[in-house]
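K.L.:
Numbering (my numbering), first residue to last: 1 to 849.
(1) Looking only at its chain, what residues have a beta carbon closer than 6 angstroms to the beta carbon of residue 688, apart from the 5 residues adjacent to it on each side?
(2) Using the rule of at least 16 other Cβ atoms within 10 Å of the residue's Cβ for burial, across every protein chain shown, is residue 195 buried or exposed?
(3) Helix, strand or coil for residue 654? Go by DSSP, reduced to three states.
(4) Pull the bridge partners of residue 146 from the DSSP assignment, please.
(5) Answer with buried or exposed for residue 314, where buried requires no fewer than 16 other C-beta atoms within 10 angstroms of its C-beta.
(6) Use the C-beta contact count for residue 796: other C-beta atoms within 10 angstroms, 16 or more gives buried, fewer gives exposed.
(7) Is it buried or exposed, residue 302, if we count other Cβ atoms within 10 angstroms and call 16 or more buried?
(8) Among the residues of its own chain, which have a CB less than 7 angstroms from the CB of residue 115, if the five just before and after it don't count?
(9) Grouping DSSP H, G and I as helix and E and B as strand, with all else coil, what is residue 71?
(10) Mind checking which residues open and close the beta strand (DSSP E) that includes residue 644?
(11) Is it right to say residue 215 is buried, meaning 16 or more other beta carbons lie within 10 angstroms of its own, or is it exposed?
(12) Tell me, which residues are paired with residue 626 by DSSP?
(13) Looking at the structure shown, is residue 832 part of a helix, part of a strand, or coil, going by DSSP?
(14) Going by the DSSP bridge assignment, what does residue 458 pair with across the sheet?
(15) Indicate whether residue 703 and residue 692 have their beta-carbon atoms separated by less than 9 angstroms.
(16) Run through the DSSP bridge pairs and tell me what residue 524 is partnered with.
(17) Report yes if the CB atom of residue 674 is closer than 9 angstroms to the CB atom of residue 525, and no otherwise.
(18) Going along the chain, which residues of its own chain have a beta-carbon closer than 8 angstroms to the beta-carbon of residue 57, five neighbours each way excluded?
(19) Report the rounded CA-to-CA distance for residue 634 versus residue 612, giving the unit in angstroms.
(20) Could you give the residue range of the beta strand (DSSP E) that holds residue 558?
(21) Considering only the beta carbon of each residue, do residue 165 and residue 125 sit closer than 9 angstroms?
(22) Residues in the same chain with beta-carbon distance under 6 angstroms from residue 833, minus the five sequence neighbours each way, listed in chain order, please.
(23) Could you tell me which uninterrupted beta strand (DSSP E) segments, each at least 3 residues in length, are contained entirely in the segment 65–141, listed from first to last along the chain?
(24) With a floor of 3 residues, list each beta strand (DSSP E) that falls wholly inside the segment 172–212, ordered by position along the chain.
(25) Applying the criterion that 16 or more other CB atoms from any shown protein chain within 10 Å of the CB defines a buried residue, is residue 715 buried or exposed?
(26) What residues match up with residue 227 in a beta bridge as DSSP calls it?
(27) So what's residue 611 in DSSP terms, helix, strand or just coil?
(28) Where does residue 837 sit, in a helix, a strand or coil, going by DSSP?
(29) Along the chain, where does the beta strand (DSSP E) containing residue 570 start, and where does it finish?
(30) Return the CA-CA distance between residue 108 and residue 54, expressed in angstroms with no decimal places.
(31) Nearest-angstrom Cα distance between residue 457 and residue 448?
(32) Any idea which residues DSSP pairs residue 551 with across the strands?
(33) Is the Cβ-Cβ distance between residue 198 and residue 495 less than 9 angstroms?
(34) Which word fits residue 232, buried or exposed, when buried means at least 16 other C-beta atoms lie within 10 angstroms of its C-beta?
(35) Closer than 6 angstroms by C-beta to residue 806: which residues in its own chain qualify, once you throw out the five before and the five after it? Chain order, please.
(36) Taking the runs of the alpha helix (DSSP H) that are 4 residues or longer, which of them lie wholly in the segment 704–775?
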């Protein structure tokens, strides 16, 4: 009887049920959407990202001989076979440019590149390039050029190497710095003795196993055991990629779990408000004989029904988005297959949502069922929120907060210890994560007490703006439990955002410093195999207007310390390098025990050296210590001037040119660094062409674009941070929904209050602004707590892995995050605020709520 009454009330007010379960709908949709995304992503990896085309039926590996290809093509049942080659060739001109040679048919099922312009190579001498490679090397379609076969012999000043003439016939989409061509020309250009592999396509209707046996008979005993089906080859190639995909989705599941926790908190708060609004009805049921337990079970069943509806809606929404996903991916040239509807996963999501809803609603249900029958005599159908938290809750909160402090202190002790290995790092990280979880739990338990001082601080500017600001602040403060429940969810999302932004900014700064050291300027022209860069090249580079900050340098392999470990030393003068706007220069590795290590790093003078921190650690030296350096039969002693967190160009130490001379290193630059005079790809291309035109051909001099490495590293880090923020945004969305739901339900609860405010002269616009400001205060309150909670744990997480890395605080990004979240919560409360403002004051005063 009681259950039927509650279900009928739920059916009569579907809007209230929708608001109650909206956070659960989002969480259920996120869970099921993650399942579908995992399925589709694995299929995309399998179908699109494999190195072996899907049309390949057989693969002959183990570097089969060149004559094997024609034998395979002659096997009955084989309709297509192509050899794959991956090697390098040098351009035959006043140039140091190299191209990777790759064999590809260009068209048909076995092609891996896509034609953009021109005619794909079909005859010996034809090659296809990517647009960027063609621009940098000045090789448009129709250009003829030479490619040198073999490797330059640096002991011969004029090595005789065969030259193959090539003509650019097409532009393709593929890997940069790669020349795509037919398999016949690829073997000539690369001067290889065998294929990397041979891909085979079998005629339709012909048994692949039968053709496999015939191919095995002609390839020879060495390659016979390496024959695999296309599916087996793709499975080998995809195994590592799929493992990475699975690891990514495991990480995603953790963020989805956080969204579920947030949805559970929002749902518990929402049910508490809904049950409080029906106080008089529940008291009447108690007055007519309803048992507390039966009433609590009826309320729990109501929650379970709400969870069922929310779960079904969430699964339906995720499925609809999943059906749209292939259409969106096709816009990015990704042919995503349609997913198979996972019935088991859908049922598990629905059952899990119902279970979570029942667990979340139990506490509010039993609390509401304890209502006294005399409450039926109240004139209002609602009750005001309790302000205190009780002794038991206070003690529990203090214990949990103490555990959080103890965990953080334990992690700090390990981090600041003199020595710690991987086990210490793992323990410290576990303590930090556990401390963060306990701190958030303490916030949930002690929330009503915590929000009061924070609300006083953040609402101070509003209270000074007039009556509306004071009313909004008092409206939030009048229900501290409700404010704590909603702001805790917001705080969780903002804490994760703050943690991600701080860790991302710190990692980016550290990576930039290391990348700037490894790639201090845009271009690096190096002489290989012990050769030197001619003086004429250095002078010519300094005279070119396309180049700036031209810095020659020497490198030599030396032996350091007692262990005589081999290290690459350089006399590169850091003071001559042009600072990169996006990459700070190498900095000294902080050492609090040795302040002299923190001095500004400059070029060490004669008798001194700057060491990479790993080299210094291996040699057991610190700033001010003496270290022996040997080359050949010469040994000198140098004093360690500074220890750097990274040294340039992958070297281990920086010394003066005079000290390299003392070690017997022959004169002459072994490399040259230079920057593009103009920014952007056009400036980079012009600088590349300038260096390429003055570089001697056939002398073992190679040109590298270090700026590309910096860009790729920065883009990779930016993408990781963006993905993390996107995952965290799911929790933020749930938090914003919670604010909107709370505001909407509080409008129903405070109809009479709204009418009274309107009756005493508050305008519709004023009431709308007041209620919207209340919603914004929920966001600002949670955002403030989240930032205060997230920053210290971000610093601790950084120090767990990199004790010497300084923590970077992106104040601008954190401020933007707080402002955006406050604006979103204000928008979430705008619609219910406008609805409240439209209520007639006379009708509102006549209500009993």
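For every residue, glycine included, the Cβ atom is placed at its ideal position computed from N, Cα and C.
P.N.:
Concretely, from the data shown:
(1) Excluding the 5 residues flanking it on each side, residue 688 has same chain C-beta neighbours closer than 6 angstroms at 136, in chain order.
(2) That one is buried.
(3) strand
(4) 165
(5) buried
(6) Burial call: buried.
(7) buried
(8) 106, 170 and 172
(9) helix
(10) 634–644
(11) Looking at its Cβ environment, which holds 16 or more other Cβ atoms inside 10 Å, residue 215 is buried.
(12) 639
(13) helix
(14) BP columns for residue 458 are empty, so no partner.
(15) yes
(16) Beta-bridge pairing links residue 524 to 673 and 704.
(17) yes
(18) 200, 201, 202, 208, 211, 229 and 230
(19) 22 angstroms
(20) 555–560 is the span of the beta strand (DSSP E), which, as asked, contains residue 558.
(21) Result yes, Cβ atoms of residue 165 and residue 125 sit closer than 9 angstroms.
(22) 768, 771 and 772
(23) 78–84, 86–91, 98–103, 114–118 and 126–129
(24) 178–181 and 197–202
(25) Result: exposed.
(26) 60
(27) Residue 611: strand per DSSP, three-state reduction.
(28) helix
(29) 565–570
(30) 12 angstroms
(31) 15 angstroms
(32) 673, per the DSSP bridge assignment.
(33) no
(34) exposed
(35) none
(36) 706–749 and 751–759, all fully within the segment 704–775.
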